[in-house]
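Sequences listed follow chains A and B, in order. Anchor point for the first sequence: position 242 equals 1194 in my numbering, and the numbering is continuous, going up by one each time. Anchor point for the second sequence: position 180 equals 211 in my numbering, and the numbering is continuous, going up by one each time. Note that CB positions come from ideal geometry on N, CA and C, so glycine has one too.
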Amino acid sequence: MGDIFSIYRIPVDVWVADGVDWLVSNARFIFQGIKWPLAQLLDGLEFLLHITPPLIFLILLFLFAWWASNWKVAIFSVAVFALIGFMGKGLWDYTMTTLAAVLVSVIVGAVLGIPLGIISARSDRFYAIIRPFLDMMQTTPAFVYLVPVVMLFSIGTVAGLIAVVIYSLPPVIRLTNLGIRQVPDDVVEASTAFGATPNQTLLKIQIPLALDTIMQGINQNIMLALAMVVMAALIGAGGLGVPVYEGLNALRIGLAAIGGISIVGMAMVLDRVTEGIGEKAPGKRE
Amino acid sequence: MPSIELEGVYKVFGDEPDKAVKLINEGADKDEVREKTGQVIGVQDISFEIKNNELFVIMGLSGSGKSTLLRCVNRLVEPTKGKITLRTDSEEYDVTTVDYETLRQIRETQISMVFQNFALFPHRTVRENVGFGLEIQGVGDKEKNRKSQELIEVVGLEGFGDSYPSQLSGGMQQRVGLARGLATGAEVLLMDEPFSALDPLIKVQMQVELLDLMEEMQRTVLFVTHDLDEALKLGHRITIMEAGKTVQKGTPEEIIVNPKTEYVANFVDNADPSDVLRAVTIAEKDFRVSEDNRVKINETTEVELSNGQEVEKGYLAGTPVSIEPLEGYDSPEKEVILYVSPDTPISEIMRARLNYTSTPVLVLKDQELVGFVTEQNLLHGLLEKGRG
Ligand SMILES: Nc1ncnc2c1ncn2[C@@H]1O[C@H](COP(=O)(O)OP(=O)(O)OP(=O)(O)O)[C@@H](O)[C@H]1O
Ligand SMILES: [Mg+2]
C-alpha cells in the first residue's frame, strides 16, 4: 500500500520552467519595461549619493534625523554613518549604493504599496486575491525566485533591486490595509453623514488616522530591504552585500564583518528615523 | 420648510431580510424572528410624519431601534423596506431611492446629524471638527472659521477651539458633536441622544439653546432620547418604540394622560407631568349655572356669567373682585380671581397658588368659562397624571 505517490506525478516543476521560458521568449519586453524606470531611478539616486561629499551627507542626515525625530537620534545617525566611513572609503561607497536601493524600495512602497493597500482596505475581494501573492512574496526562499528574476531581467543591479522590492513590498500593502480598516466605523460614518465622498473621507479622515500604521509598513519595508541586500548581491546588485559575499567566499571574516556591521547600523538609523516620522502622524492624537 | 415622511420603514440586519419581513407580517415578533432565521430586526413598519419646524422625539429602551430608525433617514443604514420622503421648499426626494450623488448632496446640505457616541475626528482640532461640514460644502476658510467659532461659543467651548477631542471631557466632546451638527446650516437635524453626557446645568442650557434655534430658524428635528422628562420638555410629538415597533405616538400630554401599554405606562410613571398637563385636562368642567347666571366654585368663590357664558364678575365671600389673567400677574396683595387659557401648563397654576392666591383658578377660552382648577384638581392631576 505504501507508494500511492508513484501513481501520478504532478509536474509542477516542468510547468514553472516552461512558464518562465515562455515569459522569457514572449514577454520579455514587459519586464524590460518594468526594468527601465527602476534602473533610471536607482542610477540617478546612486549617482547623487556618490557625488555628495560625505561631510555634506552627514550634515543633511543630521538635519533630517532631527526633523524626523529628535537630536539624540540625529547624533546617533551621524555617528553610525561616520563610523561606516571611517571603516573604509570603499565601505562608504557600498553603503551609498545600498541606501539608493533602499530608497527605491521605499519609493516603490509608497507609490505602489500604499495605493494597493488602500484598494485592499476598500475591497475584501481584492485583498483576498492579492493575499496569497503577498504570502508568496514574503516567504518564497529568495534562492527560488532569484533564478527566474535573473532570466527575466538579466543579471545586474536591477535584478538585485527587483528581488529587494519583491521581498519588501508586502508589509506596506498589509499595514496600509490594516491601518485603514482600523479607522473606527463611526468616524467614517460621521464623515459620510456630512456628505463627504469616499475619496474625501479617505484623504481627510482615513489616511491621516492610518498614517502611523502606514509608516510602520514603510519601516518594515526598509528593514526587509536591508535584509535582502546581501542576497541581492548574488545576482549582481552592488552595495553592502558585496563585501559580505566576498568575505564569505574568501573566508575573510573581517571584510564580511564590517559589511555586516554597516548593514545593521544603517538598519538601526533608518528604523529610528522612520519611527520618528510615524510618531508625528495625526492618528497619534487619540 | 422641510418635512419628512416615513411610510412602513423596516430594517432587518442579516442576509435574508425577506424571510424576516415575511415572518413579521405573519405576526412573529423580534425574538421569534431571531430564533427562526437568525435575522435581527432593527425597526419594523414605522410610519410617521415630521412637520416643518417640529421637534419629534423618539423614545424607547436600549435596543428598541431608535438609532437604527434615525440612521435610516439619511441612509447611513439602508432600509430594508419602506419609503422615506424629504420635502423641502423646492424639491421632494424619495430618500430611499435617490441616486448616490443626490443622497450625498442631501447629506451635505439638507440633513445633519449628531451622533450618540459623538464620533469626533480624533486628528482634528475642535475647530476643524466643527468646520468639517462646511469644508465639505466648499465654504471658504474665513467664513468657515467664523461660523465654527460662532458655534463653539454657542455650545460654551470658547477657548477650546485648538484642543483635540482627546483633551476634552465626555460632556465637552458631546458639545463638539453638537456644534458640528449645527454648523452646516442643514434644516433637518437628526439628533441621537445629543445631551446624554451633559451635566444637568449644561443640559438645560443646551435644551434652551435648541428651542431658541427652532424659534429663530426653521428647523425640523428628529430627536432620540432615553430621558422622558427631556422628551416631554422638548417634544412637540413623541413616538415610543419597543422592540423595533412604534407602541404609541402623540403629544406629550396624550402620552402622559393615556399611556396605551404597560411599557409606556412604566416610562410615564416616573415623569413629572406638571409641565405637560394642561389646565383644561385637569380642570373641573362639570359646573352648574344657577338661575341668576352665577357659578359657585367653592364655599367663598362665585362668578357671574353674561348670557354667552362669558365671565363678567367675580365674588369672594360676596365682595366683588376683579378677574385678571394669571399670565404676567404680579400684585399678590390684591384680592382677585385669576384665570388661565386652556393650554396653560399646570405648573404655572401651581406657582400662582403658591405665590398669589388660594382661590381656584378659572380656565377661560375667549372669556368663556370652560372650567376651574381647585387644589384638589391639581393634586389629583399630579398623582394620577390627569387620568380618570
Ligand atoms: N449593525 C448592526 N448589525 C446587527 N444588528 C444591529 C446593528 N445595529 C443595530 N442592531 C440591532 O438593532 C437593534 C436596535 O439597535 P439600535 O442601536 O437602533 O437601538 P437603540 O434604540 O438606539 O439603543 P440605545 O438606546 O442603546 O442606543 C438592536 O437589537 C441591535 O442589536
Ligand atoms: Mg442608540
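At a beta-carbon threshold of 7 Å, the residues of chain B lying near Ile1157(A) are Phe152, ordered along the chain. Leu37(B) and Leu107(B) have their alpha carbons spaced roughly 16 Å apart. Where Gly1228(A) is concerned, there is no enclosing beta strand (DSSP E), although the alpha helix (DSSP H) around it starts and stops at Ile1205 to Glu1231. The beta carbon of Gly1040(A) sits closer than 8 Å to the beta carbons of Ile1210 from its chain, once the five residues preceding and following it are set aside; these are given in chain order. The beta carbon of Gln75(B) sits closer than 6 Å to the beta carbons of Tyr41, Ile55, Gly275 and Lys276 from its chain, once the five residues preceding and following it are set aside; these are given in chain order. The Cβ-Cβ distance between Ile986(A) and Val1101(A) does not fall below 8 Å. Ranking Glu1231(A), Val1196(A), Leu1010(A) and Pro1234(A) by CA distance to the CA of Val1216(A) puts Val1196(A) first.
Between the alpha carbons of His411(B) and Pro231(B) lies a gap of roughly 29 Å. Distances from the alpha-carbon of Leu347(B) to those of Lys316(B), Tyr131(B) and Ile368(B) put Ile368(B) closest. Those residues of the stretch 1035-1048 of chain A placed with their C-beta closer than 7 Å to a C-beta in chain B do not exist.
Spatial neighbours of Glu174(B) in its own chain (CB-CB distance under 8 Å, excluding positions within 5 residues in sequence) are listed in chain order as Leu165. Straight-line measurement puts the Cα of Val43(B) at about 25 Å from the Cα of Phe149(B).
For Gln238(B) against Leu265(B), the beta-carbon gap comes to about 6 Å, under 8 Å, which counts as contact.
The C-beta distance from Val394(B) to Ala314(B) rounds to 5 Å, short enough to fall under 8 Å. Contact note: Gly164(B) reaches chain A through Phe1146, using a C-beta cutoff of 7 Å and chain order.
Relative to ligand 1, the beta carbon of Gly201(B) is positioned no closer than 7 Å to any heavy atom.
Just measuring C-alpha positions, the residue of Glu330(B), Val278(B), Leu117(B) and Glu358(B) sitting nearest Leu92(B) is Val278(B).
Between Gly339(B) and Glu399(B), the C-beta gap is smaller than 8 Å, which places the two residues in contact. From the listed residues Ser78(B), Ser121(B) and Phe152(B), the smallest Cα separation to Gly113(B) is found for Ser78(B). Only Asp1138, Val1139, Glu1141, Ala1142, Thr1144, Ala1145 and Phe1146 from the stretch 1126-1146 of chain A bring a Cβ to less than 7 Å from some Cβ of chain B.
Inter-residue distance for Thr1149(A) and Ser958(A) is about 59 Å (C-alpha atoms, whole angstroms). Runs of the alpha helix (DSSP H) lying entirely within the stretch 251-281 of chain B, each at least 4 residues long, are 259-265 in chain order. In the three-state scheme derived from DSSP, where H, G and I count as helix and E and B as strand, Tyr124(B) is classed as strand. Cβ neighbours of Val1058(A) within its own chain (closer than 8 Å, five residues either side excluded): Ile1170, Asn1173, Ile1174 and Ala1177. Where Arg325(B) is concerned, there is no enclosing alpha helix (DSSP H), although the beta strand (DSSP E) around it starts and stops at Arg325 to Lys327.
Annotation note: the stretch 359-389 of chain B contains the following uninterrupted beta strand (DSSP E) runs of length 3 or greater, listed N- to C-terminal: 367-371. Under DSSP, the beta-bridge partners assigned to Arg118(B) are Ser34(B) and Glu123(B). With 5 Å as the limit, the residues whose C-beta approaches a heavy atom of ligand 1 more closely than that are Phe44(B), Val71(B), Gly73(B), Ser93(B), Gly94(B), Ser95(B), Gly96(B), Lys97(B), Ser98(B) and Thr99(B), in chain order. Beta-bridge partners of Thr350(B) (DSSP): Leu347(B). If you draw a straight line from the Cα of Ile89(B) to the Cα of Phe254(B), it comes to about 6 Å. Sorting Gly94(B), Asn160(B), Gly192(B) and Arg384(B) by C-alpha distance to the C-alpha of His257(B) places Gly94(B) at the top. The alpha carbon of Arg1133(A) has as its nearest neighbour, out of Ala1145(A), Gln1152(A), Gln1158(A) and Phe1146(A), the alpha carbon of Gln1158(A). By the Cβ-count criterion, Leu1163(A) is buried, with 16 or more other Cβ atoms from all chains shown falling within 10 Å of its own Cβ. Around the beta carbon of His1002(A), fewer than 16 other beta carbons sit within 10 angstroms, so the residue counts as exposed. Per DSSP, the continuous alpha helix (DSSP H) segment holding Ser977(A) begins and ends at Val964 to Asn978. Proximity of chain B to Thr1149(A) at the Cβ level (cut-off 8 Å) is accounted for by Arg135, in chain order.
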